[in-house]
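The listed protein sequences correspond, in order, to chains A and B. First residue of the first sequence? That's 82 in the working numbering, and the numbers climb one at a time after it. First residue of the second sequence? That's 4 in the working numbering, and the numbers climb one at a time after it. Don't be surprised by glycine CBs; every beta carbon is placed ideally from N, CA and C.
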Amino acid sequence: RKEVEQDPGPFNVPEGATVAFNCTYSNSASQSFFWYRQDCRKEPKLLMSVYSSGNEDGRFTAQLNRASQYISLLIRDSRLSDSATYLCVVKGDFNKFYFGSGTKLNVKP
Amino acid sequence: DVKVTQSSRYLVKRTGEKVFLECVQDMDHENMFWYRQDPGLGLRLIYFSYDVKMKEKGDIPEGYSVSREKKERFSLILESASTNQTSMYLCASSLTQGRGYTFGSGTRLTVV
Chain A
82 RKEVEQDPGP FNVPEGATVA FNCTYSNSAS QSFFWYRQDC RKEPKLLMSV
132 YSSGNEDGRF TAQLNRASQY ISLLIRDSRL SDSATYLCVV KGDFNKFYFG
182 SGTKLNVKP
Chain B
4 DVKVTQSSRY LVKRTGEKVF LECVQDMDHE NMFWYRQDPG LGLRLIYFSY
54 DVKMKEKGDI PEGYSVSREK KERFSLILES ASTNQTSMYL CASSLTQGRG
104 YTFGSGTRLT VV
């Protein structure tokens with residue numbers, strides 16, 4: 082079983098739409114969670130951390146559900162520039178990070 | 004900002020060659036990592052290091068080795084390159100108590 086699982090998509094949405102991604106993780110002892118964004122042929126970059134109480138950064142909201150072992154990312158008012166692959170990341174032992182395979186988002190005009 | 008620099012953006016090597024991929028970070032991070040990224044498989048951890056001269060196998064270490072002689076530098080070595088090692092290689096670093104990795108810009112290696 083993979084440590085982190087995500088729906089690969091693609092999610093095709095119009096500009097201005099709200100879109101949500103989920104990811105599930107297998108290790109119930111995991112303590113730190115993140116969302117990364119990766120543009121085509123570029124390296125992943127940290128988008129936001131995910132805190133237990135949920136957190137918001139502008140149009141982006143991240144939530145954690147420990148009981149069900151999933152993390153979500155909500156993007157409101159989607160923009161063309163949001164088109165990318167979003168990687169769910171869970172921190173394990175020895176500072177190892179486990180990455181989901183990514184969810185591809187296409188925002189269309 | 005932390006900078007993680009990978010020595011080459013694109014590399015083409017022949018089967019059987021010994022290949023060195025270099026990674027340098029400039030912010031005194033303890034932890035360094037090598038991943039490869041392939042379509043449909045995501046990022047897979049090859050090796051990591053949490054201190055100078057320390058190394059730990061990741062999930063797919065076969066065919067690779069690493070070297071960390073200095074804190075800022077973590078090298079990935081393909082002892083005898085094979086075509087199934089054609090991939091995007093990403094180096095990352097982090098603080099032990101930090102939140103998140105910083106990645107280098109990646110090396111796209113093609114083995115022919």
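Are any of the Cβ atoms in chain D nearer than 7 Å to that of residue i?
{"i": "residue 112/B", "result": "Here the protein chains are A and B, and chain D is not one of them."}
Could you round the C-beta distance between residue i and residue j to whole angstroms and report it? I think they count as a contact, below 8 Å.
{"i": "residue 91/A", "j": "residue 187/A", "result": "5 Å"}
{"i": "residue 182/A", "j": "residue 97/A", "result": "Actually they do not touch by this definition, with Cβ atoms about 27 Å apart."}
{"i": "residue 156/A", "j": "residue 163/A", "result": "6 Å"}
{"i": "residue 21/B", "j": "residue 83/B", "result": "7 Å"}
{"i": "residue 178/A", "j": "residue 104/B", "result": "6 Å"}
Candidates the options: which alpha carbon is nearest residue i's?
{"i": "residue 52/B", "options": "39/B, 46/B, 78/B and 44/B", "result": "78/B"}
{"i": "residue 50/B", "options": "105/B, 43/B, 70/B and 90/B", "result": "70/B"}
{"i": "residue 10/B", "options": "108/B, 114/B, 115/B and 113/B", "result": "108/B"}
{"i": "residue 111/B", "options": "105/B, 104/B, 92/B and 96/B", "result": "92/B"}
{"i": "residue 85/A", "options": "185/A, 190/A and 172/A", "result": "172/A"}
{"i": "residue 24/B", "options": "34/B, 38/B and 32/B", "result": "38/B"}
{"i": "residue 165/A", "options": "180/A, 185/A and 174/A", "result": "185/A"}
{"i": "residue 144/A", "options": "99/A, 100/A, 114/A and 126/A", "result": "114/A"}
{"i": "residue 180/A", "options": "109/A, 174/A, 169/A and 189/A", "result": "169/A"}
{"i": "residue 154/A", "options": "93/A, 110/A, 148/A and 131/A", "result": "131/A"}
{"i": "residue 30/B", "options": "115/B, 113/B, 95/B and 64/B", "result": "95/B"}
{"i": "residue 136/A", "options": "116/A, 122/A and 148/A", "result": "116/A"}
Answer yes or no: do residue i and residue j have a C-beta to C-beta separation smaller than 7 Å?
{"i": "residue 88/B", "j": "residue 98/B", "result": "no"}
{"i": "residue 61/B", "j": "residue 48/B", "result": "yes"}
{"i": "residue 120/A", "j": "residue 129/A", "result": "no"}
{"i": "residue 28/B", "j": "residue 7/B", "result": "yes"}
{"i": "residue 150/A", "j": "residue 105/A", "result": "yes"}
{"i": "residue 176/A", "j": "residue 34/B", "result": "yes"}
When burial is assigned at 16 or more other CB atoms within 10 Å of the CB, is residue i buried or exposed?
{"i": "residue 57/B", "result": "exposed"}
{"i": "residue 124/A", "result": "buried"}
{"i": "residue 146/A", "result": "exposed"}
Going along chain A, which residues have a C-beta under 7 Å from residue i?
{"i": "residue 34/B", "result": "176"}
Could you work out which residues of chain B lie near residue i, taking near to mean beta carbons separated by less than 8 Å?
{"i": "residue 182/A", "result": "43, 44 and 45"}
Give the residues of chain B in contact with residue i, contact being defined as C-beta atoms less than 9 Å apart.
{"i": "residue 155/A", "result": "Within 9 Å Cβ-Cβ: nothing; residue 155/A doesn't reach chain B, min ~20 Å."}
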